[in-house]
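Reading through the structure tokens given below for one structure.
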Amino acid sequence: MRLPEELIDYIDRNFCPSKKEWKLIMDKSEEIRRSIFFLLRNEYNIVEEDLVLLGSVPRMTYLKDDYDVDLFIRLEKDIDIKLFIEFLISEISKDPNYKIRIRYADHPYIEMYVRDLKFNIVPSYKTSYPNWLSPMDRSYFHHLYLVDKGINELYKEVVRLKAFLKASGVYGAEVYVGGFSGYLVELLILKYGSMEEAIYNISKWSTPTIIDLEGHYPNSNLIFEVFGYNIPLIVVDPVDKGRNVAASVKRKNFSKIISAAKYFISNPTIKFFKESPYLSGSKSLYYKYKDMIKPDLPILIIYMEHGEKIEDIHYSQLERVSRKLKNVVEKEGFKIFKMGVYSDYISRSAIFLLFSELEKAKYEKVRGPYPYMSSEEKFLSKNSFRIKWIDEDGRWYTLKESRYLKADELIKHIIDNRLIRIPSEIYDKYSVIVMNESQELFLNNSLLSKWLINFVVGDEFWALPHLLT
């Protein structure tokens with residue numbers, strides 16, 4: 001597969017860092033690395049080589065306007081990471097030029113802003129396979145593996161593929177994305193050799209797809225025994241044969257990237273490397289899509305206001321709450337077709353729910369047993385004061401009065417009466433919005449408008465032909 005030169009030029013201009021830009025970032029990063037070392041050397045038995053720049057920046061495989069610098073500190077096994085982090089924070093906080101906050105992955109790490117650079121300072125241990133003390137211990141060996149395999153020579157191919165995945169909404173291993181990690185993208189380039197070949201092969205993927213670059217397993221049956229059978233994509237980690245690098249990829253995103261790849265091959269345009277245009281949430285775009293966002297669509301929005309949140313933690317909480325809500329709501333006789341969770345992680349979040357209908361009949365027909373079943377007596381006793389009959393199919397039926405006729409009233413009742421467990425920190429206040437009663441709200445709230453368009457129209461822009469012209 002060969003792409004037009006003008007398309008490749010566009011991708012490289014907009015996404016690939018230049019050697020000059022890269023050197024500037026590396027020089028700044030090295031300066032910070034040394035300053036952190038000087039903070040630590042007297043308190044801990046650390047040599048300068050224990051502080052290592054890892055991730056996409058030293059390999060030059062980063063998107064030029066979307067990157068963090070990863071500084072890993074390799075510790076001896078007897079050092080307590082929590083105490084180490086506390087000490088490092090106390091030292092870094094003395095410098096007013098550093099803005100920091102604690103983040104969490106498998107253990108705490110420090111997110112630090114220095115001028116225009118974002119650093120992740122990540123403690124790990126000096127271990128090797130299979131004796132990891134922390135999942136972070138692998139990162140050092142990931143870097144060595146990729147460099148040894150010549151990924152630096154393929155940096156443009158990596159960046160091009162990252163740009164394609166990002167525009168398709170599937171780049172990032174964070175919980176709130178559920179997509180392809182940077183390391184996974186680099187492994188795909190090692191496998192396929194170029195962005196074009198990677199996209200072509202992705203378009204041919206089906207479930208399950210297995211990639212084992214180092215041939216750790218002689219056959220797929222052994223791979224299934226280790227990782228399971230109901231997994232769409234298995235990419236065996238070259239430095240840890242018991243780990244699936246693609247474990248973060250949601251089934252939905254696996255399907256999305258296959259679809260995007262197929263459409264890109266049939267019509268390779270720069271639209272596949274731009275954020276979906278309708279995601280700006282402007283009034284004009286709301287009007288543009290109002291034919292798809294029909295006023296009578298039975299959509300409820302649980303709109304929340306809150307303080308600043310940690311992305312992965314907050315998103316996971318929202319997802320759990322939405323699943324619990326769905327279970328309780330459907331037990332009451334409503335049907336939810338689709339759910340969506342959104343947040344700016346600063347002050348606002350929302351759970352979108354698409355129902356079959358927002359109101360239901362006052363009475364519902366409840367099926368009972370056949371007369372020859374042992375449960376007949378219990379059914380008749382339980383429903384002794386209700387209308388009941390044996391229907392044409394030979395079963396008992398009864399008529400039950402619905403407790404809740406309106407979905408929004410049920411949602412409020414569930415939340416206000418804590419019928420499901422909701423973390424107290426998830427919101428300061430909330431409201432339930434019925435879409436067809438709140439058109440003006442969406443016109444005047446660009447964030448809600450953006451989320452609504454994304455929820456209804458979807459972010460699969462390649463399925464909307466007028467966006468590709």
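Numbering-wise (the numbering used here), the sequence shown opens with residue 1 and increments by one.
Beta carbons are placed, not taken as given, at the ideal position from N, Cα and C, and that holds for glycine.
Between residue 281 and residue 149, what straight-line distance do the alpha-carbon atoms span, to the nearest angstrom?
Here residue 281 scores only 48 on pLDDT, less than 50, and its place in the model is too uncertain to base an answer on.
Between the segment 121 to 135 and the segment 234 to 254, do three or more beta carbon pairs fall short of 8 Å?
Touching, yes, given that three or more Cβ pairs across the two stretches are closer than 8 Å.
Output the distance between the C-alpha atoms of residue 312 and residue 370, rounded to the nearest integer angstrom.
Cα to Cα, residue 312 sits roughly 50 Å from residue 370.
Count the other CB atoms, across all protein chains shown, that sit within 10 Å of the CB of residue 517; report buried if there are 16 or more and exposed otherwise.
Nothing can be reported for residue 517: it is not among the residues displayed for the chain, which extend from 1 to 469.
If you draw a straight line from the C-alpha of residue 457 to the C-alpha of residue 224, how long is it?
Taking the straight line joining both Cα atoms gives about 36 Å.
Which class does residue 156 belong to by DSSP, given the choice of helix, strand or coil?
Three-state DSSP puts residue 156 in a helix.
Which residue or residues does DSSP assign as beta-bridge partners of residue 349?
In the DSSP output, where bridge partners are listed per residue, residue 349 has 304 and 343.
For residue 71 and residue 275, I'd like the C-alpha separation in whole angstroms.
Distance between the alpha carbons of residue 71 and residue 275: 29 Å.
Report the option in 96, 78 and 107 whose CA atom is closest to the CA atom of residue 85.
Measuring from the Cα of residue 85, the nearest candidate turns out to be 107.
Taking the beta carbon of residue 147 as the centre, do at least 16 other beta carbons fall within 10 Å, making it buried, or is it exposed?
Answer is exposed; the Cβ neighbour count stays below 16.
What is the C-beta distance between residue 32 and residue 119, in whole angstroms, given that I count them as a contact (C-beta under 8 Å)?
Contact flag correct, Cβ pair sits at about 6 Å.
For residue 407 versus residue 329, is the C-beta distance shorter than 8 Å?
Result yes, Cβ atoms of residue 407 and residue 329 sit closer than 8 Å.
Suppose you measure from the CA of residue 9 to the CA of residue 273; what does that come to, to the nearest Å?
So the alpha carbons of these two residues sit roughly 12 Å apart.
Would you tell me roughly how many angstroms separate the C-alpha atoms of residue 305 and residue 349, rounded to the nearest one?
In a straight line, the C-alpha of residue 305 is about 7 Å away from that of residue 349.
Does the Cβ of residue 160 have 16 or more other Cβ atoms within 10 Å, making it buried, or fewer, making it exposed?
When all chains shown are included, residue 160 counts as buried.
Evaluate residue 27 with the Cβ neighbour count: other Cβ atoms within 10 Å of its Cβ, from every protein chain shown; 16 or more gives buried, anything less gives exposed.
The residue in question, residue 27, is exposed, as its Cβ has fewer than 16 Cβ neighbours within 10 Å.
Among 202, 333 and 301, whose alpha-carbon lies nearest the alpha-carbon of residue 401?
Considering only alpha carbons, the answer is 333.
Is it the case that the Cβ atoms of residue 354 and residue 295 are separated by a distance below 8 Å?
No, these two residues do not count as a Cβ contact at 8 Å.
Sorted by chain position, which residues of the same chain lie with C-beta nearer than 7 Å to residue 317's C-beta, five sequence neighbours on each side aside?
Closer than 7 Å at Cβ, skipping near neighbours: 423 and 426.
Given a cut-off of 8 Å, decide if residue 203 and residue 262 are closer than it, judged by their beta-carbon atoms.
Yes, the Cβ-Cβ distance between residue 262 and residue 203 is below 8 Å.
By DSSP's criteria, residue 389 is part of a beta bridge. Which residues make up the other side?
In the DSSP output, where bridge partners are listed per residue, residue 389 has 397.
Quick one: what's got a C-beta closer than 6 Å to residue 469's C-beta in the same chain, skipping five residues either side?
With a pLDDT of 49 at residue 469, under the threshold of 50, the modelled position of that residue is not reliable, and no figure is offered here.
To test your reading of the DSSP string, which unbroken alpha helix (DSSP H) runs of 4 or more residues are found completely within the segment 404 to 432?
Complete alpha helix (DSSP H) runs here, min 4: 407 to 416.
Of the residues 256, 195, 136 and 363, which one's Cα is nearest the Cα of residue 177?
The shortest C-alpha separation from residue 177 is found at 256.
Under the DSSP definition of a beta bridge, which residues are partnered with residue 102?
DSSP output for residue 102 lists 110 as bridge partner(s).
Give a yes or no on whether the C-beta atoms belonging to residue 432 and residue 411 are separated by under 8 Å.
A contact, by the Cβ cut-off of 8 Å.
From the DSSP output, read off the bridge partner residues of residue 123.
Paired residue(s): 73.
Could you have a look at residue 281 and say whether DSSP puts it in helix, strand or coil?
Because the pLDDT at residue 281 is just 48, under 50, the model does not fix this residue reliably, and the value given afterwards should be weighed accordingly. In the structure shown, residue 281 sits in coil (DSSP, three-state: anything other than H, G, I, E or B).
Which partner residues does residue 367 have in the DSSP bridge list?
DSSP, once it has assigned bridges, lists 397 as partnering residue 367.
Applying the 10 Å Cβ sphere with the 16-neighbour rule, what's the burial state of residue 477?
It is not possible to answer for residue 477, since the shown part of the chain is limited to 1 through 469.
In whole angstroms, what separates the C-alpha of residue 184 from that of residue 373?
Going by the C-alpha atoms only, they are around 56 Å apart.
Rounded to the nearest angstrom, what separates residue 198 and residue 322 at their Cα positions?
Answer to the nearest angstrom: the Cα atoms are 35 Å apart.
List the DSSP bridge partners of residue 117.
DSSP lists 114 as partners of residue 117.
Within its chain, find whatever has a CB closer than 6 Å to the CB of residue 266; leave out the 5 residues flanking it on each side and keep chain order.
Contacts found: none.
Grouping DSSP H, G and I as helix and E and B as strand, with all else coil, what is residue 39?
DSSP places residue 39 in helix when its eight states are reduced to three.
Can you name the start and end residues of the beta strand (DSSP E) that residue 243 belongs to?
Run containing residue 243: 240 to 244, per the beta strand (DSSP E) assignment.
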